[in-house]
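Below: one structure, written as structure tokens.
In the UniProt record's numbering, the protein residues as written are 1 to 578.
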């Protein structure tokens, strides 16, 4: 926000700052006129009660005379607010244009951000200043005037009544938490969409979302019924109870007044100030909606400026302008085999970046595959194709049915539900019962990964928590492996899934998986996993792939160790010679 303000108001010696100061002075002048009008209202009523016609007419004349600067001030304030919004928009748009059109820059929805969001942000900023500055000034000045007229005791009593009644309203306000839960469910699904797709958890997630939505509907129906009583109570307190308290406070100090006219004058003046002050407090309370709205526009515009700055500094490089020919092709997937085979399959991301031109490998059941290589070379990409997340742009992919392929990511997805649901996902309790699996069987699986104690620690199988916060990184990865042992698929895609556990636990996991007849397709940087795999494809930074037997790879490592030992022996001989 500070960055945007510096753009729309470049400095103190600028037209925008001068307009802002003029606008502020007019706000102060309008508040002064409001105080004068309140006092004049009291004088007019006083002269009317005392049947003083001449004074009454003179009061009307003065009241009409004040209307001229008052209406002019209101018009000038509206004009300056509009001009400020225009100047803010002009400065911000010119700044964005200078960055956006300085080179071949591409940014999604830039037209929407420049043409619409900058305008809305500029209007919101100009309106917010007026809508916050005026009520704040009014509340301050009116309370000072009331304190002079009523005394601090009466003003303090009014504030106490208002605060107590507002506290009661907040206490009786119906809760709207179910709506937040429903939003959270959807945002959580979007965040973990890839894991849910690879787990084939669409049915389980649909049941969870529908269940949350039905709870929301029941909750809203209950809220509507409660709102009948709450609305009645709110209207009574705000419109009548506060008004009655103010009227009593306005009348009480004048119990010893010398004349009826004096009582009427002070009562009308104080009542006018009290109502205006209450209105100012109300506008300040409800201005948070405008702040939230402006913050949303500010965030979008700031994101645009940040991306444009990154482009100008060379932090982002567009690697592809046009789509390669391979994107216009389509390969085929065959699910009638027990093997996993890629035949001339290009690894292409959905946006058209070619990671590997042609990939060929063949894995049979019981022959485990470990893929190594630096980050960003496309190791996990082939498994996204195998899992059906990325399209096949050429060649042939042969694989078993998706029910026989299970995916375990580095950060396991933990669904909303009980501890039991974390193990059997995407199955439900009915599916587990149909398979003939009991809680005792699940405990045995947890004992394999040395996590059996978690059942008692977390409060039993039916305990419900936000599991991604309740469990450590290592516990989450053990839960994911327990989920694999529960489903016992034919193939398991292991994407850095043991990075947070010790090598001893890792050995238990991989040994037990192979003993269950699960063929492992692993992506990892850990050399300790070589011993559990038969093939080790190595992707280099140029995205070339080399497929080596584990034996050959280990022999190369041993040869390098022998060279190092020879070199160490030579150095020791040289040291001894000295």
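Here a beta-carbon is modelled for each residue, glycine too, at the ideal position from N, C-alpha and C.
Computed from a prediction, not measured in an experiment: that's the story for all the values here.
Review point. If we call anything under 8 Å between Cβ atoms a contact, is residue 41 one with residue 248?
Key: For residue 41 and residue 248, no; Cβs fall outside 8 Å.
Exercise for review: Assign residue 143 to one of three DSSP states: helix, strand, or coil.
Suggested key: The answer is helix: DSSP assigns residue 143 an H, G or I state.
Exercise for review: Count the other C-beta atoms from every protein chain shown that fall within 10 angstroms of the C-beta of residue 82, then say buried if there are 16 or more, exposed otherwise.
Suggested key: When all chains shown are included, residue 82 counts as exposed.
Point to revise | Residues of its chain near residue 121, where Cβ-Cβ distance is below 7 Å and the 5 sequence neighbours each way are ignored | key: Closer than 7 Å at the Cβ level, and outside the excluded window around residue 121, lie 294, 297, 298, 301.
Exercise for review: Figure out for me which residue from 214, 463, 432, 478 has the closest Cα to the Cα of residue 452.
Suggested key: Ranked by Cα distance from residue 452, the options 214, 463, 432, 478 are led by 478.
Review point. In whole angstroms, what separates the C-alpha of residue 322 from that of residue 392?
Key: Since pLDDT at residue 322 reaches only 47, below the 50 mark, its modelled position is unreliable, and no value is offered.
**Study point:** Pair within 8 Å by beta-carbon distance, residue 400 and residue 335
**Key:** Taking 8 Å as the Cβ cut-off, residue 400 and residue 335 qualify as a contacting pair.
Check your understanding: Can you give the Cα-Cα distance for residue 88 and residue 9, rounded to whole angstroms?
Key -> If I take the Cα positions, the gap works out to 7 Å.
Practice item. Using alpha carbons as the reference points, say which of 39, 221, 474 lies closest to residue 149. Key: Taking only the C-alpha atoms, the option nearest residue 149 is 39.
Check your understanding: Nearest to residue 17 by CA position, among 229, 462, 80, 368, is which residue?
Key -> When the alpha-carbon of residue 17 is set against those of 229, 462, 80, 368, the nearest one is in 80.
Exercise for review: Would you list the residues sitting across from residue 398 in a DSSP beta bridge?
Suggested key: Checking the DSSP bridge columns, you'll see residue 398 partnered with 334, 341.
Point to revise | Proximity of residue 493 and residue 408 at Cβ, strictly below 8 Å | key: For the pair residue 493 and residue 408, the CB atoms are nearer than the 8 Å cut-off.
Review point. Which residue from 307, 95, 523 puts its Cα closest to that of residue 6?
Key: Selected option, being the one with the closest Cα: 95.
Check your understanding: Hey, is the region 21-38 in contact with the region 70-77, meaning 3+ C-beta pairs nearer than 8 Å?
Key -> By the criterion of at least three beta-carbon pairs nearer than 8 Å, the region 21-38 is in contact with the region 70-77.
Practice item. Compare the beta carbon distance of residue 535 and residue 520 with 8 Å and say whether it is the shorter of the two. Key: No; because the gap between Cβ atoms is not below 8 Å, this pair is not in contact.
Point to revise | Sheet register partners of residue 232 (DSSP bridge) | key: Residue 232 has no beta-bridge partner at all, per DSSP.
Review point. Is it buried or exposed for residue 525, if we count other Cβ within 10 angstroms and need 16 for buried?
Key: Residue 525 counts as exposed, since fewer than 16 other beta carbons sit within 10 angstroms of its beta carbon.
Check your understanding: By how many angstroms is the C-alpha of residue 406 removed from the C-alpha of residue 484?
Key -> Going from the Cα of residue 484 to the Cα of residue 406 covers about 7 Å.
Check your understanding: In whole angstroms, what is the alpha-carbon distance linking residue 461 and residue 455?
Key -> Taking the straight line joining both Cα atoms gives about 6 Å.
**Study point:** Whole-number beta carbon distance between residue 199 and residue 426, since they are thought to touch under 8 Å
**Key:** Residue 426 to residue 199, Cβ: 5 Å. Contact.
**Study point:** Residues near residue 62 by beta carbon distance below 8 Å, same chain, minus five either side
**Key:** Once the five neighbours on either side are set aside, the close Cβ partners of residue 62 are 40.
**Study point:** Residues of its chain near residue 551, where Cβ-Cβ distance is below 8 Å and the 5 sequence neighbours each way are ignored
**Key:** Low confidence applies here, because residue 551 scores a pLDDT of 48, under 50, leaving its location unreliable; read the following figure in that light. Contacts found: none.
**Study point:** Inter-residue spacing [alpha-carbon to alpha-carbon] between residue 404 and residue 445
**Key:** Straight across, the Cα-Cα distance linking residue 404 with residue 445 is about 19 Å.
Practice item. Could you tell me which residues DSSP puts in a beta bridge with residue 495? Key: Answer by DSSP bridge pairing, in chain order: 523.
Check your understanding: Among residues of its own chain, excluding the 5 on either side of residue 480, which ones have a beta-carbon nearer than 8 Å to its beta-carbon?
Key -> Closer than 8 Å at the Cβ level, and outside the excluded window around residue 480, lie 408, 409, 412, 497.
**Study point:** Between the CA atoms of residue 369 and residue 331 - distance to the nearest angstrom
**Key:** Cα to Cα, the separation comes out at about 23 Å.
Point to revise | Where residue 423 falls: helix, strand or coil (DSSP) | key: Reduced to three states, the DSSP call for residue 423 is helix.
Review point. Tell me which same chain residues have a C-beta within less than 6 Å of the C-beta of residue 510, skipping the five on either side of it?
Key: Excluding sequence neighbours, residue 510 sits near 532.
**Study point:** Buried/exposed call for residue 344, threshold 16 Cβ in 10 Å
**Key:** That one is exposed.
Point to revise | Bridge partner(s) assigned by DSSP for residue 418 | key: Looking at the DSSP output, residue 418 shares a beta bridge with 464.
Practice item. Please name the residue in 572, 275, 422, 570 whose C-alpha comes closest to that of residue 146. Key: Comparing Cα positions, the closest option is 275.
Check your understanding: To the nearest angstrom, how far is it from the Cα of residue 431 to the Cα of residue 126?
Key -> Approximately 59 Å between the Cα atoms of the pair.
**Study point:** Terminal residues of the beta strand (DSSP E) in which residue 355 lies
**Key:** First-last of the beta strand (DSSP E) with residue 355: 354-363.
Practice item. Could you tell me the distance, in whole angstroms, from the CA atom of residue 491 to the CA atom of residue 365? Key: Each residue's Cα considered, the two are about 8 Å apart.
Practice item. Determine the extent of the beta strand (DSSP E) in which residue 371 is found, giving its start and end residues. Key: Bounds of the beta strand (DSSP E) holding residue 371 are 369-371.
Exercise for review: Report the rounded CA-to-CA distance for residue 34 versus residue 305, giving the unit in angstroms.
Suggested key: Taking the straight line joining both Cα atoms gives about 43 Å.
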